[in-house]
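In this text, residue positions in the sequence shown follow full-length UniProt numbering: the first is 1, and each later residue adds one. From the three backbone atoms N, C-alpha and C, an ideal C-beta is built for every residue, glycine too. In this text, all values refer to a predicted model and were calculated from it rather than measured experimentally.
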Amino acid sequence: MTDSDNSRTLPSITRRNLLSTAAASITASNVPLGGSTSPPLQEGDHSDPVLPLWEKWFVTHKHCGELCRLQQRLETRLFEIVRDLTDEDRDQAWNAADEALGYSRACQAEAEIMDEEQSLVKALWNTPARSLIGIIAKLHSVVECEDPGDTLKITPWPELRSILTDLVRLNERGRTI
């Protein structure tokens, strides 16, 4: 096999980088490189309806995580402000700090984006995949959303992570041949 401008080496996949590597592989596979894409499972229509859903879900999922971290930082700041106050002063100080920091607005935004993320991921999971990369996208979203943590060894999570790793490697090999 000869080197080409379109070939790239897949980084070593570990439990720690599996989800980010899978996301990068899905994103890269959705953009044609020199006309090479993952082979469709069905003849004819080469578009996979899963991929636009995955892209929208993934952006929303990342935004949800950002809003969650913002809400947590604001909540920590609020508790720091009111922790030494008496009960009678605490409510008023909490409300004033909440208004100034935007904690309630951040909670509302987080709840809304979580609802949107749930709707998108349900649509994604219920849409039939038409390609290997569509299958990878669906499995990636399941592991990303439902996996209790990469350090847990409870079935089926290690097995699902292993399957996702295998699929990403197969997809990368198909893109560089």
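- Cβ neighbours of L67 within its own chain (closer than 8 Å, five residues either side excluded): A106, A109, E110 and I113.
- The three-state reading of DSSP puts S131 in strand, counting E and B together.
- According to the DSSP assignment, D98 belongs to the alpha helix (DSSP H) that extends over D87 to L101.
- Here R161 is buried. Its C-beta has 16 or more other C-beta atoms within 10 Å.
- When C-beta atoms of the stretch 49 to 58 are compared with those of the stretch 120 to 132, three or more pairs fall below 8 Å, so the two segments count as touching.
- For T76, the number of other beta carbons within 10 angstroms of its own is below 16, and it is reported as exposed.
- The shortest C-alpha to C-alpha distance from I135 to any of L152, L164 and W157 is the one to L164.
- If one requires a minimum length of 4 residues, the alpha helix (DSSP H) runs lying completely within the stretch 107 to 174 are 132 to 146, in chain order.
- With a threshold of 16 other beta carbon atoms within 10 Å, A100 falls short and is exposed.
- Under the three-state reduction of DSSP output, S29 falls in the helix class.
- The continuous alpha helix (DSSP H) containing R73 extends over residues V50 to V82.
- In the displayed model, S47 falls within coil according to three-state DSSP, outside both helix and strand.
- The beta-carbon distance between L124 and L53, rounded to whole angstroms, is 4 Å. This is short enough to meet the 8 Å contact definition.
- Here P49 has T127 as same chain residues with Cβ atoms under 6 Å from its own Cβ, once five neighbours each way along the sequence are excluded.
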